[in-house]
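So the structure is just underneath, and the comments pick up after that.
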Amino acid sequence: MFGPEDFLEATNVSRETLDKFKRYAELLAEWQAKINLIGPATAGDVWGRHFFDSAQLLPLVLKSTPGRGPRTWLDMGSGAGFPGLVLSLLGENSVFLAEPSAKKCAFLRQVIRETGARAKILQAKVKDIETFPVDIVTSRALAPIADLLEWGAPYLREGGEFWLLKGSSAEEELTLVKKNWNMTTEIFPSKTDNGGKILRFSNIRMAGAA
């Protein structure tokens, strides 16, 4: 089973950061007993299936966008904080977590308070929030790609990108999406899910738009 030391080796975080993730894991277990934050089948593999699954995004983003300054992220449907809160703990200092559930937001607030993560919570559905400019929109296991583009594209500043953690249906969804959206697409294999994909969308515009 993938554990804290495996996470440390895979991400090269500091011991101080690892301790923050350990507290995150403790709080997740406490809250999971009261509200459904993650699927019960994955509750025993928090470090691999949730923490590292989210963390694998960051080196891909850094490699794909060399030389860029600090990034502003919007994580749609953060739930228990994946991937947005994980990215914040890894050093991303401008991460917005959009989550409509009051109970899940209460959990996120406690993790932020106890770990010092620099993330901000937006308690609402992303489509109901007044838009503001971000560099990256991300999401994990929230909705079909078509919906994610519709909700998130209005937030992207010039040169902004989508980075999505998707399951085995990703390529089928992409075929449908390309009827209505033009974009540059890159697909990376997930390190934690055999059928999973990480999608990068750039140069995004609606089909027919100038």
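In terms of the working numbering, the sequence shown opens at residue 16 and continues consecutively. For every residue, glycine included, the Cβ atom is placed at its ideal position computed from N, Cα and C.
Specify the secondary structure class of residue i as computed by DSSP and reduced to three states.
i, result
"D60", "helix"
"E201", "strand"
"R38", "helix"
"R83", "coil"
Check the DSSP bridge columns for residue i and list the partner residues they point to.
i, result
"E216", "For clarity, residue 216 is Phe in the given sequence; the question names Glu instead. Paired residues: F177 and T200."
"L89", "F111 and V152"
"L171", "V149"
"M16", "In DSSP, M16 forms no bridge with anything."
Given a cut-off of 8 Å on the beta-carbon distance, is the pair residue i and residue j in contact?
i, j, result
"M198", "S217", "yes"
"L104", "T57", "no"
"I160", "V76", "no"
"D34", "W62", "no"
"Q138", "L42", "no"
"S109", "P81", "no"
"D208", "G182", "yes"
"D60", "T153", "no"
"I25", "F67", "Per the sequence shown, the amino acid found at residue 25 is Ala instead of Ile. Yes, the pair counts as a contact, with Cβ atoms nearer than the cut-off."
"A94", "L52", "The sequence shown places Gly at residue 94, rather than the Ala named in the question. Yes, these two residues count as a Cβ contact at 8 Å."
"R155", "F97", "yes"
"I144", "C120", "no"
"I50", "K118", "yes"
"K142", "W166", "yes"
"L157", "V192", "no"
"W178", "R220", "no"
"L123", "L102", "no"
"L180", "I213", "yes"
"P55", "K37", "no"
"T190", "P169", "no"
If you pair each beta-carbon of the region 54-73 with each one of the region 117-129, do three or more pairs fall below 8 Å?
-> no
Which runs of the beta strand (DSSP E), 3 residues or longer, sit entirely within the region 107-162?
-> 110-113, 134-137 and 149-155
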